Amino acid sequence: MLHLKIKNIIKSTNISLTKSRKKVLIVFLKASKPISLKYIRSAIGKMDRVTLFRILSLFEEKGIIHSIRFNDVNTLYALCNDECSGEKHNHNHIHFQCIECDDVSCLNIKEFPTIKIPNYTISNLNINASGICLNCS
8 MLHLKIKNII KSTNISLTKS RKKVLIVFLK ASKPISLKYI RSAIGKMDRV
58 TLFRILSLFE EKGIIHSIRF NDVNTLYALC NDECSGEKHN HNHIHFQCIE
108 CDDVSCLNIK EFPTIKIPNY TISNLNINAS GICLNCS
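Numbers given in this note's numbering equal positions in the sequence shown, counted from 1, plus 7.
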């Protein structure tokens, strides 16, 4: 199953599959929530820092992953949905951070808000929310 997912992602993005890219992709496919750079580095073991950043940058550029920034200090990464591509990330979900346990989740909602600003074209809309998660309430 994991092998098939990797094959489909690589085929749809038209990138070559190196050992390093495969390692990083497996980490994302096994993760059930957004993950930090620290988590990725511990999960893949030894890998040059520059190589890892290049892989993350390529994956984001190709619509495989997206980055989530709650503050200037910490960036998290999550696997994109099937509607994303290199041309356009399409995330109709909210990023929720628990103020108790610091866990971050991508929450799908039925009606994602649309915002229209006169004389402006919105190309990207990110909604970050914070509060108390189900586990901490």
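Note that the Cβ used here is the ideal one computed from N, Cα and C, for glycine as well.
Just so it is clear, the structure is predicted and the values come from calculations on it, not from any experiment.
| Check | Outcome |
| --- | --- |
| What three-state label does DSSP hand residue 167 in the structure shown? | The shown model of the chain, from 8 to 144, leaves out residue 167, and the question about it has no answer. |
| Would you kindly check if the distance between the Cβ of residue 108 and the Cβ of residue 140 is under 8 angstroms? | yes |
| To the nearest angstrom, how far is the alpha carbon of residue 126 from that of residue 134? | 21 angstroms |
| Taking the alpha-carbon of residue 5 as reference, which of 136, 117, 113 and 124 has the nearest alpha-carbon? | One cannot answer for residue 5 here, as it falls past the ends of the chain, which runs 8 to 144. |
| Please report how far the alpha carbon of residue 22 lies from the alpha carbon of residue 63, in whole angstroms. | 13 angstroms |
| Leaving out five residues before and five after residue 110 in sequence, what residues of the same chain have Cβ atoms less than 8 angstroms from its Cβ? | 40, 104, 140 and 142 |
| Who are the Cβ neighbours of residue 32 in its own chain at under 7 angstroms, not counting the five residues just before and after it? | 13 and 16 |
| Between 136, 71, 128 and 129, which has its C-alpha nearest residue 19's C-alpha? | 71 |
| So what does DSSP say about residue 15, is it helix, strand or coil? | helix |
| Alpha carbon to alpha carbon, what distance is there between residue 123 and residue 73? | 24 angstroms |
| For residue 136, does the count of other Cβ atoms within 10 angstroms reach 16, so buried, or fall short, so exposed? | exposed |
| Can you check whether the CB of residue 115 is closer than 8 angstroms to the CB of residue 102? | no |
| Answer with buried or exposed for residue 9, where buried requires no fewer than 16 other C-beta atoms within 10 angstroms of its C-beta. | exposed |
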